[in-house]
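Asks: Provided herewith is a single structure, encoded as structure tokens, for subsequent inquiry.
Number of protein chains: 4
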Amino acid sequence: MIPSTPSRDAPLGKRRWAISAGCVPSRSNGPEPAFTSRDQFSVLNTGPTLANLRIRVLYERHSPIGTYRLTIAARRVRVFRVNDLIFPEAVRLDEPYGLLIESDCPVVVQFTRHDTRQAANAGMMAMAFSDTSGRSL
Amino acid sequence: MIPSTPSRDAPLGKRRWAISAGCVPSRSNGPEPAFTSRDQFSVLNTGPTLANLRIRVLYERHSPIGTYRLTIAARRVRVFRVNDLIFPEAVRLDEPYGLLIESDCPVVVQFTRHDTRQAANAGMMAMAFSDTSGRSL
Amino acid sequence: MIPSTPSRDAPLGKRRWAISAGCVPSRSNGPEPAFTSRDQFSVLNTGPTLANLRIRVLYERHSPIGTYRLTIAARRVRVFRVNDLIFPEAVRLDEPYGLLIESDCPVVVQFTRHDTRQAANAGMMAMAFSDTSGRSL
Amino acid sequence: MIPSTPSRDAPLGKRRWAISAGCVPSRSNGPEPAFTSRDQFSVLNTGPTLANLRIRVLYERHSPIGTYRLTIAARRVRVFRVNDLIFPEAVRLDEPYGLLIESDCPVVVQFTRHDTRQAANAGMMAMAFSDTSGRSL
């Protein structure tokens, strides 16, 4: 029913993604760096070309910051720690933030948090949000 | 293939969201308020106008309560603790609930739970649900 | 741009949902019943009529079981523990399973697991899957 | 409004899925094998025919590996541990990876991580990503 030939290598994903539950804890518990408290987002580029990302960080009581520019090579995944976003400006610790991620080709974005402020290694994971009206750049 | 110009600044998100797995634990473990057991939802407004939210809380054995009215400024994120929803009525502790969130402009809603009833800091996170037939207000 | 009047009270959700990562641990740690290891799914019915659910459980090496019949009243949420599914047959412990949930009106389904086999109260949460081709009953 | 007859037994799901936040920890804590640190993905095949999966693993700094071929019988679920993917090649430990999963019939894919590097049994769960333009094989 569905022709299978041309889509085999079509990149999977969307061009606009967002998360709203960001918060980088400033305290950690356990050996560095594996157990540092952190928010991170993982970006998968299944396509044949370099993906160029533009990211803005939105806050509760401050103006948005960015644009952060990141790239993911063709057929590669990359994990970005939010506290490694330092140019043009470091992301504030212990403050809620949201991320708006735009890419020039389809990617898949997943968000994880490792919260090690207490002895237990708590983790959370969610696919980022992308709606069907999403267009990019 | 996809024209990129007009969508660059189009707000990302949906106007109707729901979560069904709500439950605010009444007990906590750890220093207040960072480790208080809590359900919270984070709302990202990437658009250029104030987002007006209307929220109803649905229970297992009680009538729905609300409407709670909340706002998120343009290009801001806000985190709401469910136990801070007190007007017109506080949300019941230790009882399952669902949330129906309606906004007058597109937003992104993520739901998290920090359960600190035991010593370990357990966390859960999910994007709220929004379907494509979603309309608002 | 979008007419807002008729959709205000339209129920939010889908009629077919699935989860694939089910597994009910047989061991627990902590006071009963709040800390019993459990899989549970939460169903939100935002609509004006009773929702009738038909649920089948699929296994790795056994035939599917069911149909379990459950109801959710209008404008109510209900939480079902998978180990409370006992008629026509109890769900096997410590065996992977998937759930196929069909409803005669739109609902929202979220899945959570509390794993208390070790001292820490681990939790996981995800929206169940529902695709746009989903039809029901 | 929606005809209900033909869809009752239509398989639920999509043919292309991806996760981007993969990472198999090499260390564990607790009795084997239940508490081994692991990434796993659960695939539900609600349809009447065998599902043939083709899986590729994408890395940060290495070429993609695969194709891994897996099957799920009709009306069955299967759980795959990522560190059991050993033919044609084992998946690297402690390195971020993404998964691209293609199936010849609709399936539902959920991703979970059990991280037992510290004493607490941390868990994370997410539905894998599948977009509406997804075609397969």
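Protein chains in written order, with our numbering: chain A, 890 to 1026; chain B, 890 to 1026; chain C, 890 to 1026; chain D, 890 to 1026. Here a beta-carbon is modelled for each residue, glycine too, at the ideal position from N, C-alpha and C.
Could you name the residues of the same chain whose beta carbon sits closer than 6 Å to that of residue 910/C, not counting the 5 residues immediately before and after it, in chain order?
Replies: Cβ neighbours of residue 910/C beyond the five flanking positions: none.
Asks: Starting from the C-beta of residue 1000/D, find all residues in its chain whose C-beta is less than 6 Å away, skip the five residues before and the five after it, and write them out in chain order.
Replies: Counting only Cβ-Cβ distances below 6 Å, and skipping sequence neighbours, we find 908, 930, 1015, 1017.
Asks: Cβ closer than 8 Å: which chain D residues qualify as neighbours of residue 987/C?
Replies: Neighbours of residue 987/C on chain D, chain order: 931, 933, 935, 966, 997.
Asks: Compute the distance between the beta-carbons of residue 988/A and residue 954/A, then report whether it is under 8 Å.
Replies: It is not a contact, given that the beta carbons lie outside the stated cut-off.
Asks: By Cβ distance below 6 Å, which residues in the same chain neighbour residue 906/C in space, the five residues on each side in sequence not counted?
Replies: Hits under 6 Å: 990, 998, 1017, 1019.
Asks: Kindly give me the distance between the Cβ atoms of residue 1002/D and residue 947/C, rounded to whole angstroms, as I take these residues to be in contact under 8 Å.
Replies: Actually they are not in contact, since the Cβ atoms of residue 1002/D and residue 947/C sit about 23 Å apart, beyond 8 Å.
Asks: Please tell me whether residue 940/D has its Cβ less than 8 Å away from any Cβ of chain C.
Replies: Chain C contact via Cβ: absent.
Asks: Count the other CB atoms within 10 Å of the CB of residue 928/A; is the residue buried (16 or more) or exposed (fewer)?
Replies: Label assigned to residue 928/A: buried.
Asks: Less than 8 Å between CB atoms is the rule here; does residue 949/D satisfy it with respect to chain A?
Replies: Yes, contact with chain A.
Asks: Tell me whether residue 966/C sits in a helix, a strand or coil according to DSSP, three-state version.
Replies: Reduced to three states, the DSSP call for residue 966/C is strand.
Asks: Quick check on the burial criterion: 16 or more other C-beta atoms within 10 angstroms. Buried or exposed for residue 914/A?
Replies: With 16 or more Cβ atoms within 10 Å of its Cβ, residue 914/A is classed as buried.
Asks: Between residue 953/C and chain D, is there a C-beta pair that is closer than 8 Å?
Replies: Yes, contact with chain D.
Asks: Helix, strand or coil for residue 1019/A? Go by DSSP, reduced to three states.
Replies: Residue state, collapsed to three classes: coil.
Asks: Which residues share a DSSP beta bridge with residue 934/B?
Replies: According to DSSP, which records beta bridges pairwise, residue 934/B is partnered with 965/B.
Asks: Buried or exposed: residue 938/A, going by 16 or more other Cβ atoms within 10 Å of its Cβ?
Replies: It counts as exposed.
Asks: Looking only at its chain, what residues have a beta carbon closer than 7 Å to the beta carbon of residue 956/D, apart from the 5 residues adjacent to it on each side?
Replies: 943, 944, 945.
Asks: For the beta strand (DSSP E) containing residue 945/D, list its first residue and its last residue.
Replies: Run containing residue 945/D: 940-948, per the beta strand (DSSP E) assignment.
Asks: Would residue 927/D count as contacting chain A if we go by Cβ distances under 8 Å?
Replies: No, residue 927/D lies away from the interface with chain A (no Cβ there is under 8 Å from its Cβ).
Asks: Any idea if residue 976/C is buried or exposed, counting beta-carbon neighbours within 10 angstroms, 16 or more meaning buried?
Replies: So residue 976/C ends up on the exposed side.
Asks: Could you tell me which residues DSSP puts in a beta bridge with residue 991/C?
Replies: According to DSSP, residue 991/C bridges with 905/C, 943/C.
Asks: Mind checking whether the beta-carbon of residue 1014/A lies closer than 7 Å to any heavy atom of the ligand GTP?
Replies: Absence of the ligand GTP is noted for the structure shown, with no ligands found whatsoever.
Asks: Could you list which residues in chain C have their beta carbon closer than 7 Å to that of residue 901/D, in chain order?
Replies: Near residue 901/D (Cβ distances below 7 Å), the residues of chain C are 905, 907, 989, 1020, 1023.
Asks: Can you give the Cα-Cα distance for residue 963/D and residue 974/D, rounded to whole angstroms?
Replies: Distance between the alpha carbons of residue 963/D and residue 974/D: 22 Å.
Asks: Ignore the nearest five residues each way along the sequence and tell me which others in residue 940/D's own chain have a CB closer than 6 Å to its CB.
Replies: Around residue 940/D: 934, 961, 992, 994, 996.
Asks: Taking only beta-carbon positions, decide if residue 911/A is within less than 8 Å of chain D.
Replies: It does not: the Cβ of residue 911/A has no partner Cβ on chain D nearer than 8 Å.
Asks: Just verifying my parser: in three-state terms, what is the DSSP assignment at residue 983/A?
Replies: DSSP places residue 983/A in coil when its eight states are reduced to three.
Asks: Does DSSP put residue 998/D in a helix, a strand or coil?
Replies: It is a strand residue.
Asks: Which residues share a DSSP beta bridge with residue 960/B?
Replies: Note: residue 960/B sits in a beta bridge opposite 941/B.
Asks: In chain D, what lies closer than 8 Å to residue 960/A by C-beta?
Replies: Chain D residues near residue 960/A: none, gap ~12 Å exceeds 8 Å.
Asks: Assuming residue 949/B and residue 967/C are in contact, meaning their beta carbons sit under 8 Å apart, how far apart are those beta carbons, in whole angstroms?
Replies: Confirmed, Cβ separation roughly 6 Å.
Asks: Would you say residue 1015/C lies against chain D (beta-carbon separation less than 8 Å)?
Replies: So yes, residue 1015/C belongs to the interface.
Asks: Taking the alpha carbon of residue 936/A as the point to measure from, which residue in 901/A, 981/A, 980/A, 951/A has its own alpha carbon closest?
Replies: The shortest C-alpha separation from residue 936/A is found at 901/A.
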